Each structure stands twice: as C-alpha cells, then as structure tokens.
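K.L.:
The following block contains the structure, expressed as structure tokens.
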Amino acid sequence: RVPVRGIAIPTWRHFATPLGEVELDQPALTKLEQFNFVSRSNAAHELEHSLEVQLPFLKSLLDDFTLVPMVVGECAPEQVADVIDSLWGGDETLLICSTDLSHFHPYQSAREIDLATCELIKAEQPTIEGEQACGCRALNGMLVAARRHGLPVEQLHYCNSGDTAGSKDSVVGYGAFSIG
144 RVPVRGIAIP
154 TWRHFATPLG
164 EVELDQPALT
174 KLEQFNFVSR
184 SNAAHELEHS
194 LEVQLPFLKS
204 LLDDFTLVPM
214 VVGECAPEQV
224 ADVIDSLWGG
234 DETLLICSTD
244 LSHFHPYQSA
254 REIDLATCEL
264 IKAEQPTIEG
274 EQACGCRALN
284 GMLVAARRHG
294 LPVEQLHYCN
304 SGDTAGSKDS
314 VVGYGAFSIG
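Okay, so the sequence shown: first residue is 144 according to the working numbering, each after it adds one.
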C-alpha cells in the first residue's frame with residue numbers, strides 16, 4: 144500500500160458505501176492537523192481495506208454518524224494515543240482499530256503467535272510488532288489510550304482463516320476485542 148510517516152487523514156468529505164455515504168467529521172479532521180505528525184493524504188486511504196470492511200457494518204448498525212478515518216504509519220504509540228485523546232468524547236464516541244493478526248503461517252504456528260498477541264492485547268502491552276499484527280502501530284496506540292483512561296480490554300473472539308473453509312497451510316489471524 145502507501146507508506147505513511149505519522150498519521151494520514153483524508154481530504155474527502157465522505158466515504159461511499161453500498162448502504163449510502165458516511166460523512167467525515169471535518170472539524171475533528173481539522174483539529175488533528177495541530178499535530179505535526181498528522182498530514183492529509185487521500186492516497187494512503189485509497190488502497191487501505193481495513194476501514195472498507197468496517198463501514199457497511201457500522202452503517203447498518205448506526206446509520207447516521209460521522210467518521211474520522213486515520214491510516215497510522217511510522218509513529219510512536221504515545222503519538223497515536225495523543226491523537227485519540229484529542230478526539231475522546233463521551234459515550235457517543237466509538238473507537239475502532241482494525242488490523243489482521245499474523246499472516247501466512249501454517250495453522251498451528253499462527254495460533255501460537257496469535258494467542259500470544261491476544262495476551263499482550265488483553266494486558267494492554269503496547270509492544271506488538273508487525274509480524275504479530277500488520278496494524279501494530281494503531282493497535283499499540285489504542286492500547287496506550289485504553290491504559291491512560293483505565294479501560295480494560297476484553298477478548299471477544301479469536302480465529303484464523305483456517306477455521307473456515309480455507310486451507311490450513313497458510314492462514315491469517317483475526318481477533319475481536321472490546322475496550323471499556
């Protein structure tokens with residue numbers, strides 16, 4: 144995809160989904176520009192699929208909401224947490240971090256790697272590396288923010304692509320967690 148230094152936010156006014164448009168929160172996006180590691184880049188968002196898989200789900204559940212999409216590249220977990228903190232609201236704020244876990248290991252090896260990663264996530268340890276989760280920088284930043292706010296992390300589910308009809312020779316791991 145597109146290399147990103149810091150955090151990339153788009154210039155667009157909305158994202159289109161099969162269920163309708165999702166408006167981007169322009170005041171919030173403008174507010175993020177106060178951070179010298181946040182920049183506007185549509186290119187960073189064009190090929191990124193992590194949000195693409197979440198939006199139809201969110202649109203069907205929430206219908207009317209605004210969105211602050213970010214692609215997190217090279218930056219420290221504390222920087223990501225600072226951005227999250229700047230947007231932190233009340234109960235109306237929903238924060239989603241989307242990342243796969245390990246990629247392309249045999250089934251049992253992937254389970255071992257992923258279950259160790261799940262333990263780090265539940266312990267709010269912001270030390271996850273790219274081999275454990277491709278979105279490790281966003282995930283680590285979210286864990287720092289959760290810890291700052293005293294919010295526990297609970298694992299909801301874990302599986303990998305070998306748990307479906309897919310091959311067990313080379314799998315991708317997935318986990319679902321809630322914070323708070």
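Think of the CB as a built atom: it goes at the ideal place given N, C-alpha and C, for glycine as much as any other residue. Model, not experiment: these values are computed from the prediction.
Roughly how many angstroms lie between the CA atoms of S229 and Q169, to the nearest whole one?
P.N.:
14 angstroms
K.L.:
Roughly how many angstroms separate the alpha carbons of F178 and V226, rounded to a whole number?
P.N.:
8 angstroms
K.L.:
Considering just the uninterrupted stretch of the alpha helix (DSSP H) at R254, what are its terminal residues?
P.N.:
250–265
K.L.:
Does the beta-carbon of P269 have 16 or more other beta-carbons within 10 angstroms, so that it is buried, or is it exposed?
P.N.:
buried
K.L.:
Just how far apart, CA to CA, sit L198 and L286?
P.N.:
Distance between L198 and L286, taken at the CA atoms: about 22 angstroms.
K.L.:
Name the DSSP bridge partner or partners of V214?
P.N.:
A151
K.L.:
Using the beta-carbon count (16 or more within 10 Å), is A289 buried or exposed?
P.N.:
buried
K.L.:
Alpha carbon to alpha carbon, how far is E176 from G316? Give it in angstroms, no decimals.
P.N.:
33 angstroms
K.L.:
For D257, which residues of its own chain have a beta-carbon under 6 angstroms away from its beta-carbon, when the five flanking residues on both sides are left out?
P.N.:
L244, S245, G316
K.L.:
With a CB to CB cut of under 7 angstroms and the five nearest residues on each side skipped, what residues in its chain are close to A187?
P.N.:
Around A187: V145, V147, A151, V214.
K.L.:
Please classify S203: does DSSP put it in a helix, a strand, or coil?
P.N.:
helix
K.L.:
Run the CB neighbour count on A281, radius 10 Å, all protein chains shown included, and call it buried at 16 or more, exposed below.
P.N.:
buried
K.L.:
For E166 and T209, which I take to be in contact (beta-carbon distance under 8 angstroms), what is that distance rounded to the nearest angstrom?
P.N.:
5 angstroms
K.L.:
Could you work out which residue in E217, S184, L194 is closest to V172 when comparing CA atoms only?
P.N.:
Before going on, a small fix: residue 172 reads as Leu here, not Val. Out of E217, S184, L194, S184 has the C-alpha closest to the C-alpha of L172.
K.L.:
Can you grab the Cα-Cα spacing for the pair D234 / P295, in whole Å?
P.N.:
16 angstroms
K.L.:
How is S313 classed by DSSP in three states: helix, strand or coil?
P.N.:
Reduced to three states, the DSSP call for S313 is coil.
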